[in-house]
Structure formats: C-alpha cells, structure tokens
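2 protein chains.
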Amino acid sequence: MSHMVYGCLMAVDRDHVLRSAAALLTRKSTATMDEVAKAAGISRATLHRHFAGRDALVLALEALCIAECETALDAARLDDGPAHDAVRRLVREIEPAAGLLAFLYTESQLFEGDAQNKGWTRIDDRVAALFRRGQAAGEFRIDLTPAWLTEALYGLLASGAWAVSEGRVAGKDFTHMIAELLLGGAVRREES
Amino acid sequence: MSHMVYGCLMAVDRDHVLRSAAALLTRKSTATMDEVAKAAGISRATLHRHFAGRDALVLALEALCIAECETALDAARLDDGPAHDAVRRLVREIEPAAGLLAFLYTESQLFEGDAQNKGWTRIDDRVAALFRRGQAAGEFRIDLTPAWLTEALYGLLASGAWAVSEGRVAGKDFTHMIAELLLGGAVRREES
DNA sequence: ACCATATGAGACATCTTTGTCTCAGCGCGG
DNA sequence: CCGCGCTGAGACAAAGATGTCTCATATGGT
Chain A
87 MSHMVYGCLM
97 AVDRDHVLRS
107 AAALLTRKST
117 ATMDEVAKAA
127 GISRATLHRH
137 FAGRDALVLA
147 LEALCIAECE
157 TALDAARLDD
167 GPAHDAVRRL
177 VREIEPAAGL
187 LAFLYTESQL
197 FEGDAQNKGW
207 TRIDDRVAAL
217 FRRGQAAGEF
227 RIDLTPAWLT
237 EALYGLLASG
247 AWAVSEGRVA
257 GKDFTHMIAE
267 LLLGGAVRRE
277 ES
Chain B
87 MSHMVYGCLM
97 AVDRDHVLRS
107 AAALLTRKST
117 ATMDEVAKAA
127 GISRATLHRH
137 FAGRDALVLA
147 LEALCIAECE
157 TALDAARLDD
167 GPAHDAVRRL
177 VREIEPAAGL
187 LAFLYTESQL
197 FEGDAQNKGW
207 TRIDDRVAAL
217 FRRGQAAGEF
227 RIDLTPAWLT
237 EALYGLLASG
247 AWAVSEGRVA
257 GKDFTHMIAE
267 LLLGGAVRRE
277 ES
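The listed protein sequences derive, respectively, from chains A and B. Residue numbers for the first sequence follow the numbering used here, beginning at 87 and rising by one. Residue numbers for the second sequence follow the numbering used here, beginning at 87 and rising by one.
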C-alpha cells in the first residue's frame with residue numbers, strides 16, 4: 087500500500103537526505119540543490135519531490151536542528167544539580183548539532199520572519215533560564231546577561247565546529263574547550 | 087592633472103564605497119552588487135569601475151579588514167604589561183572591525199586558496215602569541231590551546247557584533263562582555 | 001568657454017540556479 | 001505476469017546576478 091511504502095521508505099530517505107544536506111551545508115553553506123542531491127545520492131528531481139525548494143529544505147533543516155537541540159536540552163537535565171555541571175552536560179549533548187547550528191546561525195538571518203522562530207526562542211529561553219538559574223544560585227557572575235551568555239554559547243559552538251572541521255583543534259577536545267572557556271575563561275585560577 | 091584627480095577623488099570614493107559595502111554586507115551578507123552600489127550612493131557601473139567584480143570587492147574588503155585588524159593589534163600593544171590587560175585593549179581596539187570580521191569569517195571559507203591568506207595568518211599568529219605569552223607568564227590556563235583561544239575570540243567578536251546589531255545586547259557593553267567572558271568565563275569568582 | 005574625465009542610466013548577452021515537466025526504467029506487491 | 005508508484009535523467013523556461021557596453025550628462029581644471 088502506498089502509505090506503508092511512504093512510511094517505510096520515504097521516511098528514512100527523507101531523514102537520510104536531511105542529514106546529508108546538513109553535513110554538506112555545514113562545510114559549504116552555498117551548496118547548490120544539485121550538490122545537495124548528489125551528496126545524498128539521489129537526483130535533483132527526487133530531492134525536489136521531497137522538498138519543494140531550497141527554502142523548504144532549509145526550513146526542514148531548521149526543524150531538525152530544533153528537534154535535536156531540544157533533545158539535547160532534555161538529555162542535559164538543565165534543572166538538575168549545579169548550573170555549571172548542567173552547562174557541561176548541555177555542551178556535550180548539543181555537540182552533534184553544532185555544525186548544523188553554525189550553518190543555520192548564519193543562514194536564517196535571511197528569514198527574518200522565520201516560520202520556526204517560535205522554536206528558536208523556546209530554545210533560547212531554556213538556555214537563558216539555565217544561566218539565570220546559575221546567577222540566582224550565586225554560581226555565575228551577574229555582570230554578564232543571560233542573553234549574552236546564550237549568544238556566546240552559540241558563537242562558541244559555531245567557532246568550535248568550524249575550527250574542528252578545519253583541523254585547527256582536535257575533535258575530542260570540542261566539549262572540554264567550549265565548556266571550560268565559557269565557564270572559566272582564559273584566566274588561570276588559584277582555587278582548585 | 088589626471089593623477090591628482092585620481093589621488094583626491096577616487097581614493098576617498100573607494101574608501102567610502104568599501105565602508106558602505108562593509109556596513110551593508112555585515113547586515114546582509116548576500117547583498118547584490120546593485121544593493122552595494124545603492125548603499126554607497128553610486129551606480130552599479132561606477133562600482134564595477136572601482137572593483138572588477140564581486141570577488142574583487144570581497145578581496146578589497148579583506149584587505150581593509152586585515153589592515154584595520156593590524157592597526158588594532160598595534161594600538162593594543164600586545165607585548166606590554168599583563169596579557170589579560172592586552173586582551174582587553176585588543177577587544178576594545180578591534181571592536182569597530184568586528185562586524186566586517188564576522189562577515190568575512192563566514193564568507194572567506196569559499197576562497198580556500200585565499201590570496202589574503204598570508205595576512206590572516208599573520209594576524210592569527212600575533213593573537214595566538216599573545217595567548218601564549220599569557221600562558222608562559224602563568225596568567226592563562228594551559229589546557230586551552232592558543233589556537234582555540236584565538237578562534238574563540240573571533241567567534242565571540244562575531245557573536246557580539248551580531249547580537250548588538252540584532253538588539254539583543256547593548257552596544258556599549260560590547261567590549262566588556264566579550265573581554266570578560268573570554269578572560270574570566272561565566273563562573274563567579276571569590277578573589278577580587 | 002573648452003575639454004577631459006568620471007559618472008549615471010540603461011541596454012544587452014551570459015551564466016547559474018531554480019522550479020517544472022516529461023519519459024523511460026525498475027522494484028514490488030497483488 | 002501486470003500494474004502501480006517511485007526514481008533518474010534530461011529538457012525546458014523563468015528568474016536573478018553578473019559583466020560589458022554605449023551614450024548622454026555633469027563636474028572640475030585649464
């Protein structure tokens with residue numbers, strides 16, 4: 087039956103296409119629909135059957151990224167324990183999405199009236215709430231606003247993903263470098 | 087005489103065009119040559135007379151950005167005094183170029199065999215040397231590599247410029263937020 | 001006043017990407 | 001074995017950006 091085929095084949099294809107596109111666009115943000123199709127191992131016609139156009143593809147990538155980020159937010163259990171540990175868990179969990187996040191971070195400035203805006207602000211709010219919780223608990227300094235710490239986290243994730251893909255830093259250090267810089271900064275400290 | 091006209095008018099025009107283009111492309115990185123021309127208040131034909139094409143324009147913007155960064159590096163006197171003060175001076179001096187830096191940071195990944203590559207690596211080296219000096223002096227922690235600290239600085243400058251242009255953080259806090267996060271991190275400290 | 005030069009406006013061809021369409025092939029279930 | 005549906009390949013027009021060209025105009029120096 088058609089809907090069974092749709093459920094079995096098309097779904098996995100769609101997901102595979104999305105992940106291929108994410109991997110490609112992470113490296114080459116100006117990749118053509120044709121390049122995206124080739125990267126996924128399908129023809130441009132089939133790509134067009136799944137995603138009406140480039141906008142629809144980017145929109146689907148946004149939805150995927152939002153979903154993965156929310157999964158990471160859930161897995162990081164932001165409300166549990168010290169906020170700085172929650173930040174470390176968050177960075178660790180969100181690492182797989184960092185590349186896609188970096189792509190969308192620069193791409194979606196075009197779509198000001200973004201259809202996925204609600205999804206992004208929901209994520210922003212959860213992250214900002216974590217920093218706010220840390221400030222309220224006296225863990226985090228209060229001269230850096232939660233909004234800025236959230237932006238900085240995105241920026242560091244993007245820089246980190248890019249630096250790793252360029253071979254400037256080792257992939258295994260990704261989590262440590264981002265979390266430690268965001269939390270502790272560059273200055274050496276006496277206390278443990 | 088023609089060379090006098092060239093020296094008086096064309097030079098200032100070229101600089102004005104470059105700065106207009108920088109301001110526009112900072113906000114809309116996919117702006118058309120026509121939009122760039124209109125933003126500079128000139129026609130597309132004149133823009134083409136000054137810059138052979140879009141590549142030439144971006145190349146000139148790179149040269150401008152490199153020059154401004156090096157001026158900032160000089161003004162920050164990276165070799166004087168404590169490294170953390172030098173970092174603060176650097177962030178303050180380089181702030182005007184942050185927007186353009188953010189644009190080129192994402193744009194120039196296309197030009198892998200970049201003609202300006204030498205200029206960028208020269209800047210990278212000077213910044214990395216500053217972090218290395220701070221590490222050698224015991225000011226900075228050594229588990230974060232100079233290369234990563236350099237990348238992180240770029241990422242924070244880009245995030246900061248973008249966040250300011252989006253109105254998410256106040257422009258007057260730009261220097262403080264970037265320098266303090268980079269140096270001290272989010273975690274509150276007991277010592278002074 | 002005259003002339004050189006830069007400019008603005010616009011036409012024009014070209015290139016790239018995109019979106020749509022058709023058609024033939026193939027797998028898979030009935 | 002047959003037919004349905006998905007796919008790949010390719011043709012096609014449309015749209016957008018780019019680069020080049022011409023020509024009329026204005027500006028500025030001589």
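Don't be surprised by glycine CBs; every beta carbon is placed ideally from N, CA and C.
Contacts with chain B (Cβ-Cβ distance below 9 Å) from the stretch 222-237 of chain A involve Gly224, Glu225, Phe226, Arg227, Ile228, Asp229, Leu230, Thr231, Ala233, Trp234, Leu235, Thr236, Glu237, listed in chain order. When the five nearest sequence neighbours on each side are left out, the beta carbons in the same chain lying within less than 6 Å of the beta carbon of A:Ala247 are those of Ala184, Gly185, Ala188, in order along the chain. Considering only B:Arg100, B:Ala256, B:Arg140, the residue with the shortest C-alpha distance to B:Thr118 is B:Arg140.
Taking all protein chains shown into account, B:Glu148 has 16 or more neighbouring C-beta atoms within 10 Å of its C-beta and is therefore buried. The closest CA to that of B:Arg227, considering only A:Glu237, A:Arg212, A:Asp229, A:Met263, is found on A:Met263. By the criterion of a C-beta distance shorter than 8 Å, B:Ser251 is surrounded in its chain by Thr112, Arg113, Gly185, once the five residues flanking it on both sides are discounted. For B:Val173, the secondary structure class from DSSP, reduced to helix, strand or coil, is helix. Within chain A, no C-beta atom comes nearer than 8 Å to that of B:Leu176; the closest sits roughly 12 Å away. A straight line joining the alpha-carbon of A:Thr116 with that of A:Ala126 spans about 16 Å.
A Cβ-Cβ distance of about 14 Å is found for the pair B:Ala244 and A:Trp234, leaving them out of contact under the 8 Å criterion.
Proximity of A:Met263 to chain B, defined by a Cβ-Cβ separation below 7 Å, is satisfied. The DSSP-derived three-state label of B:Val255 is coil. If you look at A:Ile152, you'll find it in the alpha helix (DSSP H) that goes 140-162. Pairing A:Arg175 with A:Leu269, the inter-Cα distance amounts to about 12 Å.
Its chain contains Ala183, Leu186, Leu187, Leu190 as the residues whose beta carbon lies nearer than 7 Å to that of B:Cys151, once the 5 sequence neighbours on both sides are disregarded; these appear in chain order.
Within chain B, the residues whose beta carbon sits less than 7 Å from that of A:Ala244 are Gly241, listed in sequence order. Within the stretch 193-250 of chain A, there are no complete beta strand (DSSP E) runs of at least 3 residues. Contacts with chain B (Cβ-Cβ distance below 8 Å) from the stretch 154-177 of chain A involve His170, Val173, listed in chain order. Under the Cβ criterion of 7 Å, B:Val250 is not counted among the residues facing chain A. Scanning chain B for C-beta atoms nearer than 9 Å to the C-beta of A:Arg274 yields Gly220, Gln221, Gly224, Glu225, Phe226, Arg227, Ile228, reported in chain order. With a threshold of 16 other beta carbon atoms within 10 Å, B:Pro232 meets it and is buried. Taking a Cβ-Cβ threshold of 7 Å, the residues of chain B close to A:Leu267 are Leu230, Ala238, Gly271, in chain order.
Of the residues assessed, A:His102 falls on the exposed side of the cut-off, its CB having fewer than 16 other CB atoms within 10 angstroms. Closest by C-alpha distance to B:Thr207, out of B:Arg178, B:Ser106, B:Glu237, is B:Glu237. Taking the beta carbon of A:Thr192 as reference, the chain B residues within 7 Å of it are Thr192, listed in sequence order. With contacts defined by Cβ atoms closer than 7 Å, B:Ala162 and B:Glu179 form a contacting pair. For B:Val255, the chain A residues whose C-beta falls within less than 8 Å of its own C-beta are Thr231, Ala233, Trp234, Glu237, listed in chain order. Non-local beta-carbon contacts of B:Arg219 in its own chain, meaning distances under 6 Å to residues more than five positions away in sequence, involve Ala169 in chain order. If you draw a 10 Å sphere on the C-beta of A:Gly241, you find 16 or more other C-beta atoms in it, and that means buried. Inter-residue distance for B:Asp160 and A:Val173 is about 36 Å (C-alpha atoms, whole angstroms).
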